[in-house]
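Chemist: Using full-length UniProt numbering, the first residue of the sequence shown is number 1, and each one after it goes up by one. Let me begin by handing over the structure; questions about it come next.
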Amino acid sequence: MRIVVALGGNALARRGEPMTADRLRANVRGACQALAGLAREHEVVITHGNGPQVGLLALQNLAYQDVAAYPLDILGAETQGMIGYVIQQELSNALAGEREVAAVLTTTEVDEADPAFERPTKLIGPTYSAQDAAEAAAEYRWTIARDGGAFRRVVPSPEPLRIMQAPLVSTLLDNGTLVVCVGGGGVPVRTDSKGRQIGMQAVVDKDAASAALAADLKADMLIMLTDGDFVSENWGTPEQRDILTASPEGLAEIAFAEGSMKPKVDAAIRVARAGGRTLIGPLERLDDLMARRVGTEIRADVDGGVVYVGE
């Protein structure tokens with residue numbers, strides 16, 4: 001099968017951990033060891049987030065005041081190289097050289113008229129207290145939003161139209177190479193009237209971009225790996241119900257919070273409507289997820305729209 005695997009942020013930087021190179025590598029190594037079996041048997045593309053890392057680079061960038069700060073699109077490209085390199089290396093090590101792995105820096109076309117540019121929602125960087133967040137907003141002219149009990153910077157997150165390097169990724173897969181790409185949703189670009197690509201100041205949602213890539217590649221499956229066992233309706237309440245399988249229409253009727261799960265649900269709906277399947281579940285139980293002992297599957301042919309665990 002041709003499979004796009006989207007690594008959640010917990011695979012790169014666990015909440016509360018220092019964002020050091022050593023921790024990044026240790027987390028990626030564990031993820032790649034879990035993915036090795038899948039990568040031996042299938043055409044696999046690995047995508048990943050970059051929210052904490054791109055925010056960290058932005059802060060480091062601002063600390064050096066002798067030159068103007070680098071724009072967000074270039075920082076996004078930096079994180080693709082930084083994280084892509086580690087995933088490429090650790091997956092190659094986990095496979096003991098059985099498969100060639102290539103990290104590809106990718107750009108994602110967006111619409112400059114996307115309303116997201118007027119309403120920043122994408123959380124990036126470290127968390128702040130209310131006072132520190134207010135000071136950072138004033139000093140750097142950032143938009144700040146609440147993230148749980150803390151605060152973080154938010155930037156525009158436009159919808160991906162297409163992954164510009166999808167034909168290249170497809171060629172690599174056709175020739176037996178595993179690919180790491182669409183890091184952080186890919187560098188957002190617009191195409192001007194002369195056909196030139198121009199970087200945009202935004203961060204595309206990784207799950208939305210992964211769904212766009214899956215459609216461009218005509219992938220059989222999108223797997224979004226998280227730290228939860230299922231997608232849940234009314235999550236965290238006494239009425240919580242874990243979803244085993246769902247059709248895109250059934251899932252679209254359920255209200256999900258705007259946080260980490262809604263982008264995944266929207267991405268799954270996009271893939272299912274294009275004829276593919278999506279699995280959402282825990283990285284550490286990938287074998288169980290593939291065997292359908294855990295996790296949520298979204299596909300077009302689910303009778304009844306939604307089937308809950310235990311039914």
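Glycine included, C-beta positions come from ideal geometry on N, C-alpha and C. These numbers were taken from a predicted model, which means no experiment stands behind them.
If we ignore side chains and look at the alpha-carbon of each, how far apart do R25 and L12 end up?
Modeler: Indexing the sequence shown from 1 puts residue 25 at position 25. Indexing the sequence shown from 1 puts residue 12 at position 12. Taking the straight line from one Cα to the other gives about 8 Å.
Chemist: If you check the beta carbons only, do V180 and I46 fall under 8 Å apart?
Modeler: Sequence index remark: in the sequence shown, residue 180 carries index 180 (1-based). Sequence index remark: in the sequence shown, residue 46 carries index 46 (1-based). Taking 8 Å as the Cβ cut-off, V180 and I46 qualify as a contacting pair.
Chemist: Is Y128 buried or exposed, if buried means 16 or more other CB atoms sit within 10 Å of its CB?
Modeler: If you number the sequence shown from 1, residue 128 lands on position 128. Under this definition Y128 is a buried residue.
Chemist: Please check the pair V110 and L173, which I expect to be a contact at CB under 8 Å, by giving their CB distance rounded to whole angstroms.
Modeler: Translated into positions along the sequence shown, residue 110 becomes position 110. Translated into positions along the sequence shown, residue 173 becomes position 173. Not really, about 24 Å apart at Cβ, beyond 8 Å.
Chemist: What residue range is occupied by the uninterrupted alpha helix (DSSP H) comprising L123?
Modeler: The residue given as residue 123 occupies position 123 in the sequence shown. It is not in any alpha helix (DSSP H) - L123 instead sits in the beta strand (DSSP E) that spans 122-128.
Chemist: If R2 sits next to L217, beta carbons under 8 Å apart, how far is it from one beta carbon to the other, in whole angstroms?
Modeler: Your numbering for residue 2 matches position 2 in the sequence shown. Your numbering for residue 217 matches position 217 in the sequence shown. Yes, they are in contact, since the Cβ atoms of R2 and L217 sit about 6 Å apart, within 8 Å.
Chemist: Would you mind reading off the limits of the alpha helix (DSSP H) that contains I87?
Modeler: Here residue 87 refers to the residue found at position 87 of the sequence shown. I87 -> alpha helix (DSSP H) spans 72-94.
Chemist: Name, in chain order, the residues that DSSP records as bridge partners for R277.
Modeler: For this step, residue 277 is matched to residue 277 along the sequence shown. The partner list for R277 (beta bridge, DSSP) reads M221.
Chemist: Which residue or residues does DSSP assign as beta-bridge partners of S170?
Modeler: Start at 1 with the first residue of the sequence shown, and residue 170 comes out as number 170. Paired residues: none, contrary to the question.
Chemist: Suppose only complete runs of 3+ residues qualify. What are the beta strand (DSSP E) ranges in the region 6-70, listed by chain order?
Modeler: Segments of the beta strand (DSSP E) lying fully in the region 6-70: 43-48.
Chemist: Assuming P282 contacts D207 under a Cβ cut-off of 8 Å, what Cβ separation, rounded to an integer in Å, is found between them?
Modeler: Walking along the sequence shown from the start, residue 282 turns up at place 282. Walking along the sequence shown from the start, residue 207 turns up at place 207. About 16 Å; that fails the 8 Å criterion.
Chemist: Between which residues of its own chain and Y70 is the CB-CB distance below 6 Å, once the five residues before and five after are set aside?
Modeler: Walking along the sequence shown from the start, residue 70 turns up at place 70. N61.
Chemist: In its own chain, which residues sit with a C-beta less than 6 Å from the C-beta of Q88, not counting the 5 before and 5 after it?
Modeler: Your numbering for residue 88 matches position 88 in the sequence shown. Result list for Q88: V101, A103, V180, in chain order.
Chemist: Going along the chain, which unbroken runs of the beta strand (DSSP E) with 3 or more residues stay wholly within the region 98-168?
Modeler: The qualifying runs are 101-103, 107-109, 122-128, 143-147, 150-155.
Chemist: Output the residue ranges of the beta strand (DSSP E) runs that lie fully inside the region 282-311 and measure 3 residues or longer, sorted by chain position.
Modeler: Segments of the beta strand (DSSP E) lying fully in the region 282-311: 296-298, 306-308.
Chemist: Starting from the Cα of M19, find the closest Cα among P126, T171, Y140 and give me that residue.
Modeler: By one-based count along the sequence shown, residue 19 stands at place 19. It is P126 whose Cα lies nearest to the Cα of M19.
Chemist: With a CB to CB cut of under 6 Å and the five nearest residues on each side skipped, what residues in its chain are close to L286?
Modeler: In the sequence shown, residue 286 corresponds to position 286, counting from 1. Result list for L286: A34, in chain order.
Chemist: Is the separation between the beta-carbon of K122 and that of P156 shorter than 8 Å?
Modeler: Within the sequence shown, numbered from 1, the residue matching residue 122 stands at position 122. Within the sequence shown, numbered from 1, the residue matching residue 156 stands at position 156. Contact: yes.
Chemist: Find the nearest neighbour of A145 within the set Q165, R119, G84, judged by alpha-carbon distance.
Modeler: Position 145 of the sequence shown holds residue 145. Taking only the C-alpha atoms, the option nearest A145 is R119.
Chemist: Taking A150 as the reference, give the member of V187, V54, R15, A272 with the closest Cα.
Modeler: Along the sequence shown, one-based indexing puts residue 150 at 150. Per the Cα distances, R15.
Chemist: Would you please state the rounded distance, in angstroms, between the beta carbons of A300 and S247? I believe it to be under 8 Å.
Modeler: Counted from its first residue, the sequence shown places residue 300 at position 300. Counted from its first residue, the sequence shown places residue 247 at position 247. With a Cβ gap of about 6 Å, A300 and S247 count as contacting.
Chemist: Inspect the beta-carbon positions of V203 and Q197 and report whether they are closer than 8 Å.
Modeler: As a first step, residue 203 must be located in the sequence shown, where it is residue number 203. As a first step, residue 197 must be located in the sequence shown, where it is residue number 197. Result no, Cβ atoms of V203 and Q197 do not sit closer than 8 Å.
Chemist: Check whether the Cβ atoms of E6 and R99 sit closer than 8 Å, and answer yes or no.
Modeler: Residue mapping note: residue 6 aligns to position 6 of the sequence shown, counting from 1. Residue mapping note: residue 99 aligns to position 99 of the sequence shown, counting from 1. First, the residue type needs correcting, since residue 6 is Ala and not Glu in the sequence shown. Not in contact: A6 and R99 (Cβ atoms no closer than 8 Å).
Chemist: For P188, which three-state DSSP category applies?
Modeler: Taking the sequence shown and counting its residues from 1, one reaches residue 188 at position 188. P188 falls in the strand class under three-state DSSP.
Chemist: Once DSSP output is grouped into helix, strand and coil, what is the label at D229?
Modeler: Position 229 of the sequence shown, counting from 1, holds the residue named residue 229. Reduced to three states, the DSSP call for D229 is coil.
Chemist: Using the C-alpha atoms, what's the distance from Y308 back to R241?
Modeler: As a working note, residue 241 is residue 241 in the sequence shown. As a working note, residue 308 is residue 308 in the sequence shown. Answer to the nearest angstrom: the Cα atoms are 7 Å apart.
Chemist: Assuming the contact rule is C-beta atoms closer than 8 Å, G276 and A214 should be a hit. Round their C-beta distance to whole Å, please.
Modeler: Along the sequence shown, one-based indexing puts residue 276 at 276. Along the sequence shown, one-based indexing puts residue 214 at 214. Going by Cβ atoms, the distance from G276 to A214 rounds to 6 Å, so yes, they are a contact pair.
Chemist: What does a CB cutoff of less than 7 Å around L95 pick up in its chain, not counting 5 residues either side in sequence?
Modeler: As a first step, residue 95 must be located in the sequence shown, where it is residue number 95. Cβ within range, chain order: A36, A39, R40.
Chemist: Going straight from the alpha carbon of D66 to that of A58, what length do you get?
Modeler: Position 66 of the sequence shown, counting from 1, holds the residue named residue 66. Position 58 of the sequence shown, counting from 1, holds the residue named residue 58. One C-alpha to the other measures close to 15 Å.
Chemist: Short of 8 Å in beta carbon distance, which residues of its chain neighbour T108, apart from the five on each side in sequence? Order them along the chain.
Modeler: Numbered from 1 along the sequence shown, position 108 holds the residue referred to as residue 108. The residues are P160, L161, R162, I163, M164, V182, G185, G186, V187, P188, V189, V204, A209, A212.
Chemist: Is the separation between the beta-carbon of I280 and that of A268 shorter than 8 Å?
Modeler: Translated into positions along the sequence shown, residue 280 becomes position 280. Translated into positions along the sequence shown, residue 268 becomes position 268. Yes, the Cβ-Cβ distance between I280 and A268 is below 8 Å.
Chemist: Out of Q80, T278, E284, G51, which has the shortest C-alpha to C-alpha gap to V302?
Modeler: Residue numbering aside, residue 302 sits at position 302 when the sequence shown is read from its first letter. Taking only the C-alpha atoms, the option nearest V302 is T278.
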